[in-house]
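Protein chains in written order, with this note's numbering: chain A, 2 to 383; chain B, 1366 to 1799. Reading through the structure tokens given below for one structure.
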């Protein structure tokens, strides 16, 4: 029985892994996949239009950059570079739309790059606000979401009804509940579900219709409680730095060899809305209001209610973690700024932490392994 | 194209002297602001709602100008080193790091000014680093940031028209935030918002911008009376610091007269103007004189630069003027339009650059990619590729930094500039032979 469960889980995770590496748009989805650059995107509106949201998380360490280096400054992060490469090498030619967001100065340029090179994909910026503390914020987000709704309605040639969006909200609420359940297992019983596994399960959703992703998550959640688990003595840590550019899986594995990552901000845009979106009333308003009132935090959104140090302390407290690994992608200015602020804060609080820098194209992890091992040992034997 | 204004025969003070005096006067005001009981606002050059702050009597501190001044005064390495020793990454904006260095130097600026702490700090979303910078102030000074989100262009041909739902949505959003800002200013200063005072400030801005647009257009004539990336930098420094004031209007009028006078007398910035160029990007303040010299030694002048639009508030973009009869609503509208037509153009600037080439009769475009400034420089190389292949324009791409001299490579840049002029010479030869 235990073997069967493990085999089933392995099969699910292998599929997730294959999906997470998939860059090309399948032929049967050509023109129907709407690409968006991190962090968050109101996928429900795309879903309600009968299209498939296609989150763009760069090329990882599996692509060779041949064209993009000549188009992007040498001081720009890997995710912008590799996403541009995926465009220029034809991998994303099946996209039916492309949206960047004003999360950072480099990301805003993605709409311009796309416009000059792939104008047929109707690339543009979805201008999510950097001020979510004004009484006027929700109305502005609502207006911007209605603009998106109009663009997509024109694309599919029919109105996107409130009822269709409400139905999509229900599907996504289910997805959010399943994701929260995964993260609860990872937090409460980290030997049962590793962060790499949770990551792959969630990332698979960026390549599937959400209903199919829900089935996949339900299947995994049915199997996980039955999984045979060997308890291990590893320090419980928080991982930060995965909100936009994604660290290589090998980096997470390297950390997990010696630590339990009991909470993180990996793929935070997929988990941005932290509670159910109201299923009654105007669904676009519900989404807009949820963006303001029921949302996570990241270094690329200012919110006076979510001081970065407070967010970190809450994560540490709620996950019963004893230490933090604060990572940032090379050339990611928001991440690097927060990394410093948080590490100085942790110094003041006398909470152990380790600072790491990564690039998505990294392939060598030996030195990092040594750093992490030393850190873990210092935690265990302190 | 503007007609050359007939200048006063002999102005008593030249614009350079007047500008220097105004800058010194402004710094002196900043230095003594708190002693005089005047509240202080930290603001940036893009999207700063300066009109509201001015109407409440705030003294204005531009941290970007503080930082660039460390570069101009060759003091940047000391400030950058302090910030990096504190823990800031080499990959963080050098303006931010110079400012952190200033904080770690007890706010003692190399100009001799002791920069006061902020009573309010406004960061617009036009540069996301502004927001991270303001978070640093929150931690250091305990002054909460006021983030002013100004939605920019969504795509290259974005042009929202008054009366459309989109225009209403964006301006309503900006107006809502300006009302929040007013409430905050009232709390800080203890004074009530005065729309008449705002209208007065706006009238002064209108006049300054009218003159500024005229000054920019005068450089469309040959020979160009000033270099956008040397003289122009001084002009916008004064424009920013004195925006909305009678002194600012007076300065711009003096400057306009002086530039028009040069034009009338046929005095060009370079003795023999051979090539007219557009400069795209931010300056390299530690070596700007040297950079300009490399071009002027070939008879090349920067007739125009997008920097003079976005570092000066963007109001020159499309004939934007306030309507002082409805000051707040108009401020929201113009702020939004300035953002969409001028300040967020970095991301889609290929068309406006090509347009500037036509308007200024330019022979090519020089792109200056800046390690520190991803807002401006991220996709310059792609932009250049597009402009070169689509319009057949000669272009040059060079990289350095705003104020960090470690990124200036004199020999390499000189070689590239020389090679660029060989191309321009060759083209001129072919053109002449046609």
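We put the CB at the ideal spot given by N, CA and C, even for glycine. These figures come from a predicted structure and were not determined experimentally.
At a cut-off of 3 residues, the continuous stretches assigned as beta strand (DSSP E) that sit fully inside the segment 1592-1653 of chain B are 1640-1646. Listed in chain order, the non-local C-beta contacts of residue 109(A) below 6 Å within the same chain comprise 103, local neighbours out to five positions each way being set aside. Around the C-beta of residue 162(A), fewer than 16 other C-beta atoms lie within 10 Å, and the residue is accordingly described as exposed. Contact with chain A is absent for residue 1525(B), since none of that chain's Cβ atoms lies less than 7 Å from the residue's Cβ. Taking 7 Å as the cut-off, the beta carbon of residue 1568(B) is found no closer than this to the beta carbon of residue 1669(B). Contacts between residue 1558(B) and chain A, judged by CB atoms closer than 9 Å, are missing: the closest CB pair is about 17 Å apart. Residue 298(A) has its alpha-carbon roughly 11 Å from the corresponding atom of residue 310(A). According to DSSP, residue pairing for residue 325(A) in a beta bridge involves 239(A) and 354(A). For the C-beta of residue 74(A), the chain B residues within less than 9 Å are, from N- to C-terminus, 1734, 1735, 1736, 1739, 1742, 1743, 1744, 1745, 1746 and 1764. In summary, residue 1526(B) is exposed, with fewer than 16 beta-carbon neighbours lying within 10 Å of its beta-carbon over all protein chains present.
Taking a beta-carbon distance threshold of 7 Å, residue 1502(B) does not count as an interface residue toward chain A. DSSP places residue 1535(B) inside the alpha helix (DSSP H), whose first and last residues are 1530-1554. Neighbours of residue 1789(B) across chain A, judged by C-beta separation under 9 Å, do not exist; the nearest C-beta is about 22 Å away. Here residue 1786(B) carries a helix assignment [DSSP, helix/strand/coil]. Residues of the segment 1444-1469 of chain B that bring their beta carbon within less than 7 Å of a beta carbon in chain A comprise 1452, 1453, 1454, 1456, 1457 and 1458, in sequence order. Here residue 1764(B) carries a strand assignment [DSSP, helix/strand/coil]. Looking at the DSSP output, residue 1670(B) shares a beta bridge with 1644(B). Distance from the CA of residue 165(A) to the CA of residue 49(A), rounded to the nearest whole angstrom, comes to 5 Å.
Nearest to residue 120(A) by C-alpha distance, out of 1520(B), 1603(B) and 1504(B), is 1520(B).
The DSSP-derived three-state label of residue 1479(B) is strand. Partner residues in the beta bridge of residue 1473(B), as assigned by DSSP, are 1479(B). Around the beta-carbon of residue 285(A), 16 or more other beta-carbon atoms lie within 10 Å, marking it buried. A residue is called buried once 16 or more other Cβ atoms fall within 10 Å of its Cβ, and residue 11(A), having fewer, is exposed. Beta-carbon to beta-carbon, residue 1715(B) and residue 1751(B) are separated by about 5 Å, close enough to satisfy the 8 Å threshold.
Residue 100(A) sits in a strand when the DSSP states are folded into three classes.
Annotation: Cβ neighbours of residue 1545(B) in chain A (cutoff 7 Å, chain order): 135.
Chain B places no beta carbon closer than 7 Å to that of residue 90(A), leaving this residue out of the contacts. Per DSSP, reduced to three states, the secondary structure at residue 1403(B) is coil, with no helix or strand assignment. Within the segment 1471-1496 of chain B, 1490, 1492, 1493, 1494 and 1496 place their CB atoms closer than 7 Å to a CB of chain A, listed in sequence order. Among the residues facing chain A, residue 1383(B) is not included, as its CB has no counterpart in that chain under 7 Å away. When C-alpha distances from residue 13(A) are compared across 148(A), 91(A), 216(A) and 62(A), the shortest belongs to 216(A). At least one beta carbon of chain A lies nearer than 7 Å to the beta carbon of residue 1751(B). A Cβ-Cβ separation of about 6 Å places residue 317(A) in contact with residue 239(A) under the 8 Å criterion.
DSSP places residue 1424(B) within a strand segment (E or B) once states are collapsed to three. Residue 53(A) sits in a strand when the DSSP states are folded into three classes.
A distance below 7 Å separates the beta carbons of residue 1718(B) and residue 1645(B).
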